[in-house]
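One line per chain: the protein sequences are A and B, in this order.
Each residue of the first sequence is one higher than the one before, counting from 408 in the working numbering.
Each residue of the second sequence is one higher than the one before, counting from 408 in the working numbering.
Written below as structure tokens is the structure these notes are about.
Protein chains: 2
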Amino acid sequence: MKRQRVTIKDVAAQAGVSYQTVSRVLNAKGEVAEETRVRIQAAIDALEYRPSAIARSLVSQRTHVLGLLTADFSDYTHARIIEGAEMEARRRGYLAFVSGGERGPDGEPLTSPLFTQHQTEGLLIVYHGASRDQYTIFEQIPRDLPLVTIGYAPGRPGVATVGVQNVEGGRRATEHLLRLGHRRIATISGPMQMYASQERRRGYAKALQATGLDVDSALLGEGDWSSASGYRATRELLARTEFTALFVQNDRMAMGALQALREQGRRVPDEVAVVGFDDIPSTPYFDPPLTTVHQPTYELGELAARLLIDLINGQPSSADLTRLPTPLVVRRSCGAEAYRPPPSSER
Amino acid sequence: MKRQRVTIKDVAAQAGVSYQTVSRVLNAKGEVAEETRVRIQAAIDALEYRPSAIARSLVSQRTHVLGLLTADFSDYTHARIIEGAEMEARRRGYLAFVSGGERGPDGEPLTSPLFTQHQTEGLLIVYHGASRDQYTIFEQIPRDLPLVTIGYAPGRPGVATVGVQNVEGGRRATEHLLRLGHRRIATISGPMQMYASQERRRGYAKALQATGLDVDSALLGEGDWSSASGYRATRELLARTEFTALFVQNDRMAMGALQALREQGRRVPDEVAVVGFDDIPSTPYFDPPLTTVHQPTYELGELAARLLIDLINGQPSSADLTRLPTPLVVRRSCGAEAYRPPPSSER
DNA sequence: TTGTAGGCGTTATCAT
DNA sequence: ATGATAACGCCTACAA
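Here you go:
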């Protein structure tokens, strides 16, 4: 399919000047007589001329294109990060390639070679706090390609990493429960080889210890972030020990936990108080509405894109790892009083 | 930032041939002596040479790049479509630009000009059954750009449209409820100016009429697809009339509906049976697990990308509007028996 | 202020 | 079988 028929030369012919002069008005460089500028602009409009980014890139060696790599698009957290990143990129004049990158189990090829060939100027890797061994992808990425990762800083120079305050979030959730009088607080983590899981659990432990409590391993559950795993982990916990509160380290698992609790006839929050993590949009409609730790995912994406573009333009980020705050959002599942009735908006 | 230092000429020099010959082996065109081919390949490997897609595009006028435009990334349905489309595109050697396109209320510029400048070969518009007036975007798109839309066929030639069987889905949901003995069945639609809403409601009406029932306007609610709107519409319905079943036209609104029902003390499914639409992943963890109409969103994305690429390559799609099936998934909220206990997997 | 080369990395079309 | 030459659309010098 051919398109992009109109070139700078056509415009020049139409305006009766050399194509060089057209280039000048396009880039607002050098002096151009006001009169000819107007004439050229008229020609541009008439012909609906649009400069070819391709040709420009070839000579300038700049594409103004970012690559966004993610493992799972349809995960809300990832999607929001990407959404934020794309928006910020667009504001700064960048376009974004996306790809559900990661090599499949069948050895499906990585996308990054394609990115490289298309001269992507930088890469944003949106794996949500994955573990080191899942980052074999780094080997495939050119050493000098500007890179921003989410939640995990690889041992590479010149890579910026952004994330959220996982430890603080975990601590806040647990402290809240402690403050409500709970002493046997169970927790369900994501896969423990992931940094986010480790950090959130560390926050949990910190809060307990600050109150003089020990971490009881019987109260420690683990899932894989899915609702099903939250359901399972909760049933195991229930079968194994007693507890009056449960801190689930993401909202999807919390949804499964609530279901397990319901099935076992444990009323929430009266018999078991529950706190989640993420603050996904449907959280106010959980049964009961979920108290949870908010993650500013959209802002995380914006920040990541900003840092990446800065990196591309030779402005290394000041901090290696910037972490965004994770405030607690109190709803009903924790049993705290404060709750304003039916929520009315949601994105 | 400069990169992509190694060019075809470097390879040629290294292999001691003209860069022309290198091009030949790269494209497997023309005859090349086996011996020199091997030598050149060695040079390519040694130098880690990767051809520049930019330069290729300039001469070939092909970019192998698609544009994916969406209104809302973080909506699960959209995200899945994009995920499917990107995957299929990649399989066929295409890269995908994404953008949360639509012009913002502040008049923020459309992304499509940027797409155009970057020589995007085709556009996939992932608006989920939006209404005609939301498609002013079409005016901004070059007439001859291959286009695929989801759920809505604009009055343009050469545009392929894919969607799901909304009418049938609505009919199936309603029939199911009728079969369970319900006669006063309320429904909550999305915005009625959207085709998807109209179609699902038409299916609802068809099912009723086939059973000899009239559509009672008191039973007709409308929302905006959000949980909050589902909650509100349900409360209005409850205040206005009596019904024993409720067909909510997407799962997010259904979540709000369930909450409203809970708050009003109406037990689901005993007092009110509920059926949703979409089959989002969390649906098995609703309280109670939601019976809903499944939408094959990922497949929709794959299909869309396939059609788009065919269009680009001059193979117009056979049908104007391909619709994928929407089977009913029975869980607990409708009160039908069949339900296998705790779900164990989920994406 | 405006026009004339030269080149960005590649492919296509001729020669050789 | 291989090499030279001309595009592709544009920008950066440099000259006029």
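A virtual CB, placed ideally from N, CA and C, is assigned to each residue, including glycine.
DSSP places S519 of chain A within a helical segment (H, G or I) once states are collapsed to three. Residue ranges of uninterrupted alpha helix (DSSP H) with 4 or more members, entirely inside the stretch 625-676 of chain B and ordered along the chain, are 634-647, 658-670. Secondary structure of L707 of chain A (DSSP, three-state): helix. Identification of residues in the stretch 428-461 of chain A having a C-beta nearer than 8 Å to some C-beta of chain B yields R457, P458, S459, A460, I461, given in sequence order. By the criterion of at least three beta-carbon pairs nearer than 8 Å, the stretch 475-490 of chain B is not in contact with the stretch 437-455 of chain B. Collapsing the DSSP output to three states places T443 of chain A in a helix. Per the Cβ contact rule, the stretch 564-578 of chain B is in contact with the stretch 711-718 of chain B (3 or more Cβ pairs under 8 Å). Residue-level contact check: P520 of chain A touches chain B, since one or more beta carbons of chain B fall below 8 Å from its beta carbon. Residue state for G742 of chain B is assigned as coil, using DSSP reduced to three classes. Straight-line measurement puts the Cα of A422 of chain B at about 51 Å from the Cα of D631 of chain A. Contact annotation for D694 of chain A against chain B: L665, Q666, R669, F693, D694 [CB-CB distance below 9 Å, chain order]. Judged by their CB atoms, A661 of chain B and G628 of chain B are not nearer to each other than the 8 Å cut-off. For F504 of chain A, the secondary structure class from DSSP, reduced to helix, strand or coil, is strand. Burial check for R498 of chain B: the Cβ neighbour count within 10 Å stays below 16, so the residue is exposed. Within the same chain, Cβ atoms closer than 7 Å to the Cβ of H485 of chain B are found at T477, D479, V533, H535, the five residues on either side in sequence being excluded. Within chain A, the residues F504, V505 have their CB atoms less than 7 Å from the CB of A503 of chain B, given in chain order. A residue is called buried once 16 or more other Cβ atoms fall within 10 Å of its Cβ, and E495 of chain A is buried on that count.
DSSP links R730 of chain B through a beta bridge to B:G570. Against chain A, a Cβ distance below 7 Å from E490 of chain B picks out F480, S481, G507.
The stretch 459-469 of chain A makes no contact with the stretch 681-698 of chain A: fewer than 3 CB pairs, one atom from each, lie closer than 8 Å. One alpha carbon belongs to T556 of chain B, the other to G474 of chain B, and they sit about 12 Å apart. The beta-carbon distance between V569 of chain A and L714 of chain A, rounded to whole angstroms, is 7 Å. This is short enough to meet the 8 Å contact definition. Contact annotation for S464 of chain B against chain A: I461 [CB-CB distance below 8 Å, chain order]. Under the Cβ distance rule, R499 of chain A does not count among the residues neighbouring chain B, no pair being separated by less than 8 Å. For the C-beta of R659 of chain B, the chain A residues within less than 9 Å are, from N- to C-terminus, P688, S689, Y692, E753. Where V466 of chain B is concerned, the enclosing alpha helix (DSSP H) starts and stops at 460-467. In this structure, P696 of chain A lies near S740 of chain A, with their beta-carbon atoms less than 8 Å apart. About 13 Å separates the CB atoms of A667 of chain A and R647 of chain A; that is not less than 8 Å, and the two are not in contact. In this structure, B:L707 is the residue among B:L707, B:T729, B:T527 with its C-alpha nearest to the C-alpha of G491 of chain B. Contact between L735 of chain B and V700 of chain B holds: their C-beta atoms lie close to 6 Å from each other, under 8 Å.
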